[in-house]
Amino acid sequence: MTVRKNQALLTADEKRRFVAALLELKRNGRYDAFVTTHNAFIVGDTDNGERVGHRSPSFLPWHRRFLLEFERAVQEVDASVALPYWDWSTDRSIRSSLWAPDFLGGTGRSRDGQVMDGPFAASAGNWPINVRVDGRTFLRRSLGAAVRELPTRAEVESVLAMPVYDMAPWNSGSDGFRNHLEGWRGVNLHNRVHVWVGGQMATGVSPNDPVFWLHHAYIDKLWADWQRRHPGSGYVPAAGTPNVVDLGDTMRPWNDVRPADLLDHTAHYTFHAA
Amino acid sequence: MPELSRRRALTAAAVLATSAGVPAVTALTASAAGSDHHALPSFDEVYKGRRIQGGPSSGGGHHHHVAGYAVFVDGVELHVMRNADGSWISVVSHYDPVPTPRAAARAAVDELQGAELLPFPAN
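So the sequences go chain by chain: A and B. Mapped onto the numbering used here, the consecutive letters of the first sequence carry residue numbers 138 to 411. Mapped onto the numbering used here, the consecutive letters of the second sequence carry residue numbers 1348 to 1470.
Structure follows, in structure tokens:
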């Protein structure tokens, strides 16, 4: 059984294996297919049209499945690897071990945002940015530049306390847990972290930065935490909602899975009890 | 990066010489009656040395989902989107809403730091 662990608790060997598996997926071309899929959904999901991956109730189950697909690809390279998660409400400094050269590398240099250390730095030669929206082919970050602070634990708690999963109009204008977690409304959790990292993480091709997976693994854990706090609250809407994935509708691009199939993460992985 | 600078210079020269991008915006503005974006003003300015333009569109460019509003940076279309609350984002600043399409274009120029935008969908 896959056990997802807080990135701060990974051993040196676990970090090394995770990095090596990502570099292999990049080398064999499978990594970039995930970036392409994400960008296609992020530009296709609109508030008044069909919306699946973002700005809609299925934001959470869509990313849960997307991470499962990625984790399976990683495990085909190294079966011992699970996706770690980044609790940015605790590890909120650019001095966190997350950004050390033995893991993801640090922030970008001021001139052009280029990441200069770690296994994903362009200078290491193993991480070309191929799926991109501009001419730059190197990984970029500007940690804490566009927004100063990552969300606090108190802000996370305020969102976890919301009892209703989602509400009409089921988009970026909604009240409820999903949209506050996604960040289009309120204290802003998920969106703000993308902005805080900067570089490709702030764009539609955000999975170009490996921290994408650690960020979303924590968003996914917060969904599981919310479910435990609100056992009487379920995924909505239930049925008959135009342009929106109802509980029993299948989700693109897989077309073989419904939100109803993804509500219980323990069928696929558990979280390490720290 | 001399090669990048040269390509940028060529792109800018092409915009000035042939007004590439300008006909697209003006034509789209003229045909935008009935669009829910028709009340939004067009714009055309040089910001940090780059030409940014925007105007209502009726489905030109890449817009496969909705007719709306098209934005260009040095003649290359920048994918933008309007949120339910009226704020805007672009593909290079997708998690950070700003009040207007012009603000999204300026944010894109800031983000690009001189790099050329790739036509959408280029990948």
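Glycine is no exception: its CB is placed at the ideal position from the N, C-alpha and C atoms.
Would you check if the distance between the CB atom of residue i and the CB atom of residue j is smaller than 8 Å?
{"i": "Pro194 of chain A", "j": "Val382 of chain A", "result": "yes"}
{"i": "Arg329 of chain A", "j": "Val284 of chain A", "result": "yes"}
{"i": "Glu1458 of chain B", "j": "Val1439 of chain B", "result": "yes"}
{"i": "Gly242 of chain A", "j": "Gly255 of chain A", "result": "yes"}
{"i": "Val296 of chain A", "j": "His317 of chain A", "result": "yes"}
{"i": "Arg141 of chain A", "j": "His409 of chain A", "result": "yes"}
{"i": "Gly281 of chain A", "j": "Trp333 of chain A", "result": "yes"}
{"i": "Asn267 of chain A", "j": "Asp169 of chain A", "result": "yes"}
{"i": "Ala1454 of chain B", "j": "Ser1434 of chain B", "result": "no"}
{"i": "His175 of chain A", "j": "Pro306 of chain A", "result": "no"}
{"i": "Asp228 of chain A", "j": "Asn308 of chain A", "result": "no"}
Report the CB separation of residue i from residue j in whole angstroms; it is logged as a contact under 8 Å.
{"i": "His1432 of chain B", "j": "Gly310 of chain A", "result": "It is Asp, not His, that sits at residue 1432 of chain B in the sequence shown. Their Cβ separation, rounded to whole angstroms, is 6 Å, which keeps Asp1432 of chain B and Gly310 of chain A in contact under 8 Å."}
{"i": "Arg437 of chain A", "j": "Trp391 of chain A", "result": "Because chain A in this structure spans residues 138 to 411, residue 437 of chain A falls outside the shown range and cannot be described."}
{"i": "Gly336 of chain A", "j": "Leu276 of chain A", "result": "7 Å"}
{"i": "Arg1449 of chain B", "j": "Gly1402 of chain B", "result": "Arg1449 of chain B to Gly1402 of chain B, Cβ: 11 Å. No contact."}
{"i": "Val324 of chain A", "j": "Trp223 of chain A", "result": "18 Å between Cβ atoms; not a contact."}
{"i": "Val1456 of chain B", "j": "Tyr1394 of chain B", "result": "5 Å"}
{"i": "His367 of chain A", "j": "Leu205 of chain A", "result": "So it is not a contact: roughly 23 Å between Cβ atoms."}
So which of the options has the shortest CA-CA distance to residue i?
{"i": "Leu1464 of chain B", "options": "A:Ser226, A:Thr244, A:Val270 and A:Asp254", "result": "A:Val270"}
{"i": "Ala157 of chain A", "options": "A:Phe257, A:Phe196 and A:Ile231", "result": "A:Phe257"}
{"i": "Ala397 of chain A", "options": "A:Phe408, A:Pro374 and A:Pro390", "result": "A:Pro374"}
{"i": "Phe314 of chain A", "options": "A:Arg192, A:Trp264, A:Val172 and A:Pro221", "result": "A:Arg192"}
{"i": "Thr387 of chain A", "options": "A:Asn345, A:Phe171 and A:Gly190", "result": "A:Gly190"}
{"i": "Gly245 of chain A", "options": "A:Val293, A:Lys152, A:His405 and A:Ser279", "result": "A:Ser279"}
{"i": "Pro221 of chain A", "options": "A:Lys358, A:Glu292, A:Arg232 and A:Met304", "result": "A:Lys358"}
{"i": "Phe188 of chain A", "options": "A:Thr378, A:Phe349 and A:Val342", "result": "The question names Phe, but residue 188 of chain A is Arg in the sequence shown. For the residues A:Thr378, A:Phe349 and A:Val342, the minimum Cα distance to Arg188 of chain A belongs to A:Thr378."}
{"i": "His1441 of chain B", "options": "A:Phe178, A:Phe240 and A:Arg232", "result": "A:Phe178"}
{"i": "Leu351 of chain A", "options": "A:Asp150, A:Gly181, A:Ala149 and A:Phe155", "result": "A:Phe155"}
{"i": "Phe171 of chain A", "options": "A:Asp312, A:Leu235, A:Val342 and A:Tyr302", "result": "A:Val342"}
{"i": "Arg273 of chain A", "options": "A:Arg365, A:Thr340 and A:Leu400", "result": "A:Thr340"}
{"i": "Pro1466 of chain B", "options": "B:Arg1429, B:Asn1430, B:Leu1425 and B:Gln1460", "result": "B:Leu1425"}
{"i": "Pro300 of chain A", "options": "A:Arg389, A:His200 and A:Gln364", "result": "A:Gln364"}
{"i": "Ser230 of chain A", "options": "A:Val214, A:Glu286 and A:Met253", "result": "A:Glu286"}
{"i": "His327 of chain A", "options": "A:Asp346, A:Asp312, A:Tyr302 and A:His353", "result": "A:His353"}
{"i": "Gly369 of chain A", "options": "A:Tyr302, A:Phe207 and A:Asp312", "result": "A:Tyr302"}
{"i": "Thr173 of chain A", "options": "A:Phe207, A:Arg248 and A:Met304", "result": "A:Phe207"}
Rounded to the nearest angstrom, what separates residue i and residue j at their Cα positions?
{"i": "Asn380 of chain A", "j": "Lys163 of chain A", "result": "34 Å"}
{"i": "Glu1392 of chain B", "j": "Val1420 of chain B", "result": "10 Å"}
{"i": "Ala1452 of chain B", "j": "Ser217 of chain A", "result": "44 Å"}
{"i": "His331 of chain A", "j": "Met338 of chain A", "result": "5 Å"}
{"i": "Ala1417 of chain B", "j": "Phe196 of chain A", "result": "26 Å"}
{"i": "Glu151 of chain A", "j": "Gln212 of chain A", "result": "13 Å"}
{"i": "His402 of chain A", "j": "Pro265 of chain A", "result": "33 Å"}
{"i": "Thr289 of chain A", "j": "Ser1405 of chain B", "result": "43 Å"}
{"i": "Ala376 of chain A", "j": "Thr407 of chain A", "result": "29 Å"}
{"i": "Ala219 of chain A", "j": "Phe240 of chain A", "result": "15 Å"}
{"i": "Ala361 of chain A", "j": "Tyr355 of chain A", "result": "10 Å"}
{"i": "Ala259 of chain A", "j": "Ser226 of chain A", "result": "29 Å"}
{"i": "Pro238 of chain A", "j": "Gly1396 of chain B", "result": "36 Å"}
{"i": "Ala1462 of chain B", "j": "Arg1398 of chain B", "result": "13 Å"}
{"i": "Gly186 of chain A", "j": "Trp199 of chain A", "result": "17 Å"}
{"i": "Arg1429 of chain B", "j": "Met138 of chain A", "result": "42 Å"}
{"i": "Gln144 of chain A", "j": "Leu235 of chain A", "result": "7 Å"}
{"i": "Val180 of chain A", "j": "Asp215 of chain A", "result": "32 Å"}
{"i": "Leu146 of chain A", "j": "Gly320 of chain A", "result": "27 Å"}
{"i": "Gly385 of chain A", "j": "Ser233 of chain A", "result": "41 Å"}
{"i": "Glu161 of chain A", "j": "Ser1389 of chain B", "result": "47 Å"}
{"i": "Ala298 of chain A", "j": "Ala291 of chain A", "result": "11 Å"}
{"i": "Val1423 of chain B", "j": "Arg167 of chain A", "result": "29 Å"}
{"i": "Leu400 of chain A", "j": "Arg389 of chain A", "result": "17 Å"}
{"i": "Thr1447 of chain B", "j": "Leu1387 of chain B", "result": "9 Å"}
{"i": "Gln1460 of chain B", "j": "Val252 of chain A", "result": "15 Å"}
{"i": "Leu159 of chain A", "j": "Asn165 of chain A", "result": "10 Å"}
{"i": "Asp346 of chain A", "j": "Ala149 of chain A", "result": "20 Å"}
Is residue i near the ligand COA - that is, is its Cβ less than 7 Å away from at least one heavy atom of it?
{"i": "Leu1464 of chain B", "result": "The model depicted lacks the ligand COA and carries no ligand whatsoever."}
Subject >> Complete beta strand (DSSP E) runs within the region 139-187 of chain A (minimum length 3 residues, chain order) >> reply: 139-141
**OP:** Give, in chain order, every unbroken run of the beta strand (DSSP E) that is at least 3 residues long and sits entirely within the region 209-275 of chain A.
**Re:** none
Original post:
Which of the residues in the region 1420-1448 of chain B, read from start to end, lie with their CB under 8 Å from any CB of chain D?
Top reply: Given the protein chain composition of this structure (A and B), no chain D is represented.
Subject >> Completely contained beta strand (DSSP E) runs for the region 1406-1468 of chain B, where each covers 3 or more residues >> reply: 1416-1420, 1423-1425, 1427-1429, 1435-1437 and 1440-1445
Original post:
What are the complete alpha helix (DSSP H) segments, minimum 4 residues, inside the region 308-357 of chain A?
Top reply: 314-319 and 327-334
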